[in-house]
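Trainee: So that we are looking at the same thing, I have put the structure below in structure tokens.
Protein chains: 2
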Amino acid sequence: MNLRRYLPILDWGRTYDRGAFSNDMVAAVIVTIMLIPQSLAYALLAGLPPEAGIYASIAPIILYAIFGTSRALAVGPVAVVSLLTASAIGQVAEQGTAGYAVAALTLAFLSGGFLMLLGVLRLGFLANFLSHPVIAGFITASGILIAASQFKHILGISAQGHTLPEILMQLWENLGQTNWITVVLGVLATGFLFWVRKGLKPLMRRLGATPTVADFATKAGPVAAVVVTTLSVWLFGLDERGVKIVGSVPQSLPPLTMPGLSPDLIQALLIPAILISVIGFVESVSVAQTLAAKKRQRIDPDQELIGLGAANIGAAFTGGYPVTGGFSRSVVNYDAGAATPAAGAYTAVGLAIAAMALTPLVYFLPNATLAATIIVAVLSLVDFSILKKTWDYSASDFVAVTVTILLTLLMGVEIGVASGVVISVLLHLYKTSRPHVAEVGLVPGTQHFRNIHRHDVETDPKVVTLRVDESLYFINARFLEELVQSRVTEGCEIEHVILMFSAVNEVDFSALESLEAINLRLSDMGVGLHLSEVKGPVLDRLRQSHLLDVLNGQVFLSQYDAWRSVTDTSGQTAPTS
Amino acid sequence: MNLRRYLPILDWGRTYDRGAFSNDMVAAVIVTIMLIPQSLAYALLAGLPPEAGIYASIAPIILYAIFGTSRALAVGPVAVVSLLTASAIGQVAEQGTAGYAVAALTLAFLSGGFLMLLGVLRLGFLANFLSHPVIAGFITASGILIAASQFKHILGISAQGHTLPEILMQLWENLGQTNWITVVLGVLATGFLFWVRKGLKPLMRRLGATPTVADFATKAGPVAAVVVTTLSVWLFGLDERGVKIVGSVPQSLPPLTMPGLSPDLIQALLIPAILISVIGFVESVSVAQTLAAKKRQRIDPDQELIGLGAANIGAAFTGGYPVTGGFSRSVVNYDAGAATPAAGAYTAVGLAIAAMALTPLVYFLPNATLAATIIVAVLSLVDFSILKKTWDYSASDFVAVTVTILLTLLMGVEIGVASGVVISVLLHLYKTSRPHVAEVGLVPGTQHFRNIHRHDVETDPKVVTLRVDESLYFINARFLEELVQSRVTEGCEIEHVILMFSAVNEVDFSALESLEAINLRLSDMGVGLHLSEVKGPVLDRLRQSHLLDVLNGQVFLSQYDAWRSVTDTSGQTAPTS
Chain H
1 MNLRRYLPIL
11 DWGRTYDRGA
21 FSNDMVAAVI
31 VTIMLIPQSL
41 AYALLAGLPP
51 EAGIYASIAP
61 IILYAIFGTS
71 RALAVGPVAV
81 VSLLTASAIG
91 QVAEQGTAGY
101 AVAALTLAFL
111 SGGFLMLLGV
121 LRLGFLANFL
131 SHPVIAGFIT
141 ASGILIAASQ
151 FKHILGISAQ
161 GHTLPEILMQ
171 LWENLGQTNW
181 ITVVLGVLAT
191 GFLFWVRKGL
201 KPLMRRLGAT
211 PTVADFATKA
221 GPVAAVVVTT
231 LSVWLFGLDE
241 RGVKIVGSVP
251 QSLPPLTMPG
261 LSPDLIQALL
271 IPAILISVIG
281 FVESVSVAQT
291 LAAKKRQRID
301 PDQELIGLGA
311 ANIGAAFTGG
321 YPVTGGFSRS
331 VVNYDAGAAT
341 PAAGAYTAVG
351 LAIAAMALTP
361 LVYFLPNATL
371 AATIIVAVLS
381 LVDFSILKKT
391 WDYSASDFVA
401 VTVTILLTLL
411 MGVEIGVASG
421 VVISVLLHLY
431 KTSRPHVAEV
441 GLVPGTQHFR
451 NIHRHDVETD
461 PKVVTLRVDE
471 SLYFINARFL
481 EELVQSRVTE
491 GCEIEHVILM
501 FSAVNEVDFS
511 ALESLEAINL
521 RLSDMGVGLH
531 LSEVKGPVLD
541 RLRQSHLLDV
551 LNGQVFLSQY
561 DAWRSVTDTS
571 GQTAPTS
Chain R
1 MNLRRYLPIL
11 DWGRTYDRGA
21 FSNDMVAAVI
31 VTIMLIPQSL
41 AYALLAGLPP
51 EAGIYASIAP
61 IILYAIFGTS
71 RALAVGPVAV
81 VSLLTASAIG
91 QVAEQGTAGY
101 AVAALTLAFL
111 SGGFLMLLGV
121 LRLGFLANFL
131 SHPVIAGFIT
141 ASGILIAASQ
151 FKHILGISAQ
161 GHTLPEILMQ
171 LWENLGQTNW
181 ITVVLGVLAT
191 GFLFWVRKGL
201 KPLMRRLGAT
211 PTVADFATKA
221 GPVAAVVVTT
231 LSVWLFGLDE
241 RGVKIVGSVP
251 QSLPPLTMPG
261 LSPDLIQALL
271 IPAILISVIG
281 FVESVSVAQT
291 LAAKKRQRID
301 PDQELIGLGA
311 ANIGAAFTGG
321 YPVTGGFSRS
331 VVNYDAGAAT
341 PAAGAYTAVG
351 LAIAAMALTP
361 LVYFLPNATL
371 AATIIVAVLS
381 LVDFSILKKT
391 WDYSASDFVA
401 VTVTILLTLL
411 MGVEIGVASG
421 VVISVLLHLY
431 KTSRPHVAEV
441 GLVPGTQHFR
451 NIHRHDVETD
461 PKVVTLRVDE
471 SLYFINARFL
481 EELVQSRVTE
491 GCEIEHVILM
501 FSAVNEVDFS
511 ALESLEAINL
521 RLSDMGVGLH
531 LSEVKGPVLD
541 RLRQSHLLDV
551 LNGQVFLSQY
561 DAWRSVTDTS
571 GQTAPTS
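Residue numbers (full-length UniProt numbering), protein chains in the order written: chain H, 1 to 577; chain R, 1 to 577.
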């Protein structure tokens, strides 16, 4: 039972049949065709040699198939994680050096280790710190950064930088070195890919193609762009006229590699690795959950951590770099009919064949084509509607998304997403720091108590009843102290304060001490403090403290009892019958 | 009106009379006598020349009297803030250099500026991030660190370090240089001061002294120790036998000084300044609130920020260092009958006279006596009962206090208190990340719904009703997604899910998107999603989103309506009449 939890393959593997096999094979062929140019392109985005992208799509897919719980998720390099990788490694090594590739392995290793640790400790909840608006804002800003960073390949110039101002400044400075043949290739490829994405499918349908064929053509579009531009470079010798090409890629299966494990390297990459893990996990889980729901299946987020962790550790030892479950490839996999994770394994086989046999064919592939592939892919991530949606819905979410977008663009991905998390938490705590507290009175002729400002209720100048509409904890404990003190100092005739705890689910130690302070201060003023409608678990807790021993008043089961008791005692108001 | 808010002196100043004056004068004399040795000692603890402690007690007191709202708070150097000052400045300058004193001024200036900023922006709530257990743990650990750091003066050796292991290691290494005359003076002074604190008052009462006289004698104890040890050094020439003494202190009013404002210095001291501000503010406000309550007065925390901010800026320009409202001096001030903040101003005059006239008298005062004063004062701060109390009351508070104590002792004050804050917030978020969700059914013959696991209630295999007992926000949004998905995939016969929102006070944008995802996934499974008992403000919010447009079900005013409607529709259960 436990083994099955950690090895989901034991679940679907034993019922695997011919039908599932043929479905999986079809899906694998389609995904493989789509992944070849995509893998090369994302490796370019990460600043790594092109083969790293293919290697990162082989072992990780197989490991995820063994350990992962989603039946349709396709694991491999994705745009945002590639950008994060480039940003993290750029701080410890120079692009193109051996140290850079080793750092990428280390990053994948640390990220995999962190994910597995979270999975084993069942700490997947930590991913929730990334709120939806922060993720949406971060992905939009990342899409813009990625597209901007690829412009250099379209222009055939060089430009570095991890923030939008840096990238734009460098593009501007090096604009004079623009290679116009590259520009022509790049612009045509970009235009073509946009057209494939938007216009090809409707056109083919009008020409009488079946939806499946039209879909397939759309997915093969990048391959067509790759073939045409590669042939152009080869036939016209454009590489000798300054068009930058992929060049020679080793013809080999994924090599066995060792991530660098020096303490300095680990220290420099640990925080980025955690960030990459969490962002990759959140993206992956939401894709997996959406696809699973369509077939009334379930995924186990803690086991997903283990699956993705294994995939990243696999990438670290086979010449790859950090990977996660990609949105577009998973949807393609699902739509193509993948029935089990075995589809992923067949994709891995397809990519392994490509790595051994097809790599010489991409020698003349221009970088501009890969950049076009990336730009077209990531611009679909850019979606500013989150600003409008949060603006309409909630001011604090709007602030969080705005801060995330601006800081990601201006200060880089790491500061951007970290600020988003911090500001979301602060805004949430701020909201709960001033809980709603209503002063209530008795609805005549009933035993109900309502807000004195909204209803016509009985009150007594000697008695103040405050209904607290939130759990009490350290962030709002002092607020209650101040509120009670300010209310009681308003009128010298007050003799009793009743705190009505019907909506208080928790009283932490700070709140307990605040209640003790309120009790002490009210005692000093000669005012009684009573509690009413305290929930069972809260009362059990309070009984373990000494608040109830020193309470200058009583604990009442119901607010009505409390009211009757204190108004009787003070003897000024007729008891309500 | 507004001017009065910012200048509380306009409030009490216009009713100031002879009675208040004589009360304030008496309090001022008592506090001044107590403050002279204390100020010298805390300056020593902060690593500053002794006069800095006196200067820091003059201008700040006057400024607080003008801007502060508490009538009894006495502002000046305190032990914990002195320790924090030493720790912060130790990182940018060498003790005894001019740069060290200038950095102390900068720290006071930044701290004052930050407090004023918080006050003007009315952001006093940020201080709540320091939960009571974290403060208690921090103060206990700081007391130990302070006492340990003063041992070198008792032994007459030198030792640096900002963590307990560092201090102990240095004491151990330099033990060979112990000056035995210093040890004798130090141990006698410490023993005498402990006896004054514990045994003098009962003794004098037994000997027939009035409580006031006994109290006064207790407070004058440190002065006696100062006088006796100073005379001993002078008469026997002990300073020539290796006893370290205070030496010459300039005879002057507080000088006009300028804090260093170089960007490097500001960058290095900004975080410590914020920490000092917040810790000082929290301590000060809780003392002020306790004393105000005794006379049914109120303090305004946001105005307190301005008062303390002004005091610190005053310290920065008059040769002082960071100050705050001290516990012991405030209580003494209050007990001695201080009626208005004017008492503080008279204390300032007393100290100014001391600074001009009395400083030559402390030339032969041994550092060991000052160290004894500090040790006796801070050991009263050490109180491990917080461990027991939180252990009994709540596991998460116990973890927070333990982490704070250990990290403060082992890693220093700044890391200690910062970790305490972070861990408190994380534990709180963790607690709300898995809200209580009860599956409920209809109590037969009523319109009430109760937990199906605790009560004998009607259920329907086609309908799942989940009552959510917490507001929904980004930290717990995905929890709900997973819970619903896991519940629905359990039984294929489920046709309706009702979410009962009676205890949901907020639905943030992330939770909204989770509800949309739940709705979409349930739609894919052919299951309806309904909401019931949604509170007015929450429903208003939801109406601004498009969730309700796409909801695959309805929103019901009451759970009973929802139940009747879906059980009617599914047509399998007889409608409850």
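Each residue gets a CB set at the ideal place from its N, CA and C atoms; glycine is no exception.
Whole angstroms is fine: what's the gap from residue 310 (chain H)'s alpha carbon to residue 44 (chain H)'s?
Mentor: For the purposes of this step, residue 310 (chain H) is taken as residue 310 along the first sequence, with counting starting at 1. For the purposes of this step, residue 44 (chain H) is taken as residue 44 along the first sequence, with counting starting at 1. Answer to the nearest angstrom: the Cα atoms are 24 Å apart.
Trainee: Run the CB neighbour count on residue 152 (chain R), radius 10 Å, all protein chains shown included, and call it buried at 16 or more, exposed below.
Mentor: Numbered from its first residue, the second sequence carries residue 152 (chain R) at position 152. Flag for residue 152 (chain R) reads buried.
Trainee: Taking the beta carbon of residue 267 (chain R) as the centre, do at least 16 other beta carbons fall within 10 Å, making it buried, or is it exposed?
Mentor: Position 267 of the second sequence holds residue 267 (chain R). That one is exposed.
Trainee: Can you check DSSP and say which residues form a bridge with residue 439 (chain R)?
Mentor: Numbered from 1 along the second sequence, position 439 holds the residue referred to as residue 439 (chain R). R:466.
Trainee: Taking just the CA atoms, how far does residue 403 (chain R) sit from residue 187 (chain R)?
Mentor: Along the second sequence, read from residue 1 onward, the residue named residue 187 (chain R) stands at position 187. Along the second sequence, read from residue 1 onward, the residue named residue 403 (chain R) stands at position 403. Answer to the nearest angstrom: the Cα atoms are 33 Å apart.
Trainee: Which residues mark the beginning and the end of the beta strand (DSSP E) in which residue 496 (chain H) is found?
Mentor: Position 496 of the first sequence holds residue 496 (chain H). Start and end: 496-500.
Trainee: Mapping DSSP to helix, strand and coil, what is residue 324 (chain H)?
Mentor: The residue labelled residue 324 (chain H) in the question sits at position 324 within the first sequence. DSSP places residue 324 (chain H) in strand when its eight states are reduced to three.
Trainee: Are there 16 or more other CB atoms within 10 angstroms of the CB of residue 447 (chain R), so buried, or fewer, so exposed?
Mentor: Here residue 447 (chain R) corresponds to residue number 447 of the second sequence, with the count starting at 1. Flag for residue 447 (chain R) reads exposed.
Trainee: So what does DSSP say about residue 451 (chain H), is it helix, strand or coil?
Mentor: On the first sequence, position 451 is the one that residue 451 (chain H) refers to. Of the three classes helix, strand and coil, the one that applies to residue 451 (chain H) here is strand, per DSSP.
Trainee: Rounded to a whole number of angstroms, what is the C-alpha to C-alpha distance between residue 273 (chain R) and residue 530 (chain R)?
Mentor: Residue mapping note: residue 273 (chain R) aligns to position 273 of the second sequence, counting from 1. Residue mapping note: residue 530 (chain R) aligns to position 530 of the second sequence, counting from 1. Answer to the nearest angstrom: the Cα atoms are 52 Å apart.
Trainee: Is it the case that the Cβ atoms of residue 360 (chain H) and residue 251 (chain H) are separated by a distance below 8 Å?
Mentor: Translated into positions along the first sequence, residue 360 (chain H) becomes position 360. Translated into positions along the first sequence, residue 251 (chain H) becomes position 251. In this structure, residue 251 (chain H) lies closer than 8 Å to residue 360 (chain H) by Cβ.
Trainee: Residues in the region 104-125 of chain H with C-beta within 8 Å of chain R's C-beta atoms, listed in sequence order?
Mentor: Per Cβ criterion, the list reads 125.
Trainee: With 8 Å as the threshold, decide whether the Cβ of residue 525 (chain R) is near any Cβ in chain H.
Mentor: Along the second sequence, read from residue 1 onward, the residue named residue 525 (chain R) stands at position 525. Yes, its Cβ sits closer than 8 Å to a Cβ of chain H.
Trainee: Under 8 Å between C-beta atoms, does residue 564 (chain R) make it to chain H?
Mentor: Within the second sequence, the letter at position 564 stands for residue 564 (chain R). Chain H contact via Cβ: absent.
Trainee: Using a Cβ-Cβ distance under 8 Å, would residue 513 (chain R) count as near chain H?
Mentor: Stepping through the second sequence from its first residue, residue 513 (chain R) is reached at position 513. For residue 513 (chain R), the answer is yes, since a Cβ of chain H falls inside 8 Å of its Cβ.
Trainee: In terms of residue numbering, what span does the beta strand (DSSP E) encompassing residue 532 (chain H) cover?
Mentor: The residue labelled residue 532 (chain H) in the question sits at position 532 within the first sequence. It spans 528-532 - the beta strand (DSSP E) in which residue 532 (chain H) sits, taken as one unbroken run.
Trainee: Quick check on the DSSP output: the alpha helix (DSSP H) that includes residue 100 (chain R) runs from which residue to which?
Mentor: Reading the second sequence from its first residue, position 100 is the one you call residue 100 (chain R). Its alpha helix (DSSP H) spans residues 98-120.
Trainee: At a Cβ threshold of 8 Å, is residue 486 (chain H) touching chain R?
Mentor: Here residue 486 (chain H) is taken as the residue at index 486 of the first sequence, counted from 1. Yes, because at least one Cβ of chain R sits closer than 8 Å to the Cβ of residue 486 (chain H).
Trainee: If you measure between the beta carbons of residue 371 (chain R) and residue 150 (chain R), is that distance less than 8 Å?
Mentor: Here residue 371 (chain R) refers to the residue found at position 371 when the second sequence is read from its first residue. Here residue 150 (chain R) refers to the residue found at position 150 when the second sequence is read from its first residue. Result yes, Cβ atoms of residue 371 (chain R) and residue 150 (chain R) sit closer than 8 Å.
Trainee: Applying a beta-carbon distance threshold of less than 8 Å, which residues of chain H neighbour residue 549 (chain R)?
Mentor: The residue you call residue 549 (chain R) lines up with position 549 of the second sequence. Under the 8 Å cutoff, chain H gives no residues; its nearest Cβ is about 13 Å from residue 549 (chain R).
Trainee: What separation, rounded to the nearest whole angstrom, lies between the Cα atoms of residue 345 (chain R) and residue 61 (chain R)?
Mentor: The residue given as residue 345 (chain R) occupies position 345 in the second sequence. The residue given as residue 61 (chain R) occupies position 61 in the second sequence. The straight-line gap from Cα to Cα measures roughly 6 Å.
Trainee: For the structure I just gave you, are there three or more beta carbon pairs, one from the region 129-145 of chain H and one from the region 308-328 of chain H, closer than 8 Å?
Mentor: No, the region 129-145 of chain H is not in contact with the region 308-328 of chain H.
Trainee: Taking 8 Å as the threshold (beta carbon to beta carbon), is residue 304 (chain R) in contact with chain H?
Mentor: Working through the second sequence from its first residue, we reach residue 304 (chain R) at position 304. Output row for residue 304 (chain R): interface = no.
Trainee: Look at residue 330 (chain H) and residue 291 (chain H) and say whether their C-beta atoms are less than 8 Å apart.
Mentor: Taking the first sequence and counting its residues from 1, one reaches residue 330 (chain H) at position 330. Taking the first sequence and counting its residues from 1, one reaches residue 291 (chain H) at position 291. In this structure, residue 291 (chain H) lies closer than 8 Å to residue 330 (chain H) by Cβ.
Trainee: Give the secondary structure of residue 94 (chain R) by DSSP, where H, G and I count as helix, E and B as strand, and everything else as coil.
Mentor: Residue 94 (chain R) sits at position 94 when you count from the first residue of the second sequence. Note: residue 94 (chain R) maps to coil in three-state DSSP.
Trainee: Would you say residue 132 (chain H) reaches chain R, if we count a Cβ-Cβ gap shorter than 8 Å as a contact?
Mentor: The residue given as residue 132 (chain H) occupies position 132 in the first sequence. It does; some Cβ of chain R falls within 8 Å.
Trainee: Could you check whether residue 326 (chain R) and residue 26 (chain R) sit closer than 8 Å to each other, using their CB atoms as the reference points?
Mentor: Working through the second sequence from its first residue, we reach residue 26 (chain R) at position 26. Working through the second sequence from its first residue, we reach residue 326 (chain R) at position 326. Contact: no.
Trainee: Using a Cβ distance threshold of 8 Å, determine whether the region 18-25 of chain H contacts the region 336-350 of chain H, with at least three qualifying pairs required.
Mentor: Contact between the region 18-25 of chain H and the region 336-350 of chain H is present, because at least three Cβ pairs lie under 8 Å.
Trainee: Could you name the residues of the same chain whose beta carbon sits closer than 7 Å to that of residue 300 (chain H), not counting the 5 residues immediately before and after it, in chain order?
Mentor: In the first sequence, counting from the first residue as 1, residue 300 (chain H) sits at position 300. Here the set comprises 69.
Trainee: Nearest to residue 109 (chain H) by alpha carbon, out of H:406, H:217, H:373, H:318?
Mentor: The residue you call residue 109 (chain H) lines up with position 109 of the first sequence. Residue 109 (chain H) has its Cα closest to that of H:318, out of H:406, H:217, H:373, H:318.
Trainee: Does the Cβ-Cβ distance between residue 182 (chain R) and residue 242 (chain R) come in under 8 Å?
Mentor: The residue labelled residue 182 (chain R) in the question sits at position 182 within the second sequence. The residue labelled residue 242 (chain R) in the question sits at position 242 within the second sequence. Yes, the pair counts as a contact, with Cβ atoms nearer than the cut-off.
Trainee: If we count the other Cβ atoms within 10 Å of its Cβ and call it buried at 16 or more, is residue 476 (chain R) buried or exposed?
Mentor: Taking the first residue of the second sequence as 1, we reach residue 476 (chain R) at position 476. Buried.
Trainee: For residue 212 (chain R), collect the residues of the same chain with a Cβ closer than 7 Å to its Cβ; drop the 5 residues on either side in sequence, then sort them by chain order.
Mentor: Counting from one through the second sequence, the residue named residue 212 (chain R) turns up at place 212. Taken in chain order, the list of residues that qualify is empty.
Trainee: Quick one: give me the first and last residue of the alpha helix (DSSP H) that residue 286 (chain H) is part of.
Mentor: Counting from 1 along the first sequence, the entry for residue 286 (chain H) is found at position 286. 263-294 is the extent of the alpha helix (DSSP H) around residue 286 (chain H).
Trainee: Please confirm whether any heavy atom of the ligand GTP lies closer than 7 Å to the CB of residue 165 (chain R).
Mentor: In terms of ligand content, the structure shown is empty, and the ligand GTP therefore cannot be addressed.
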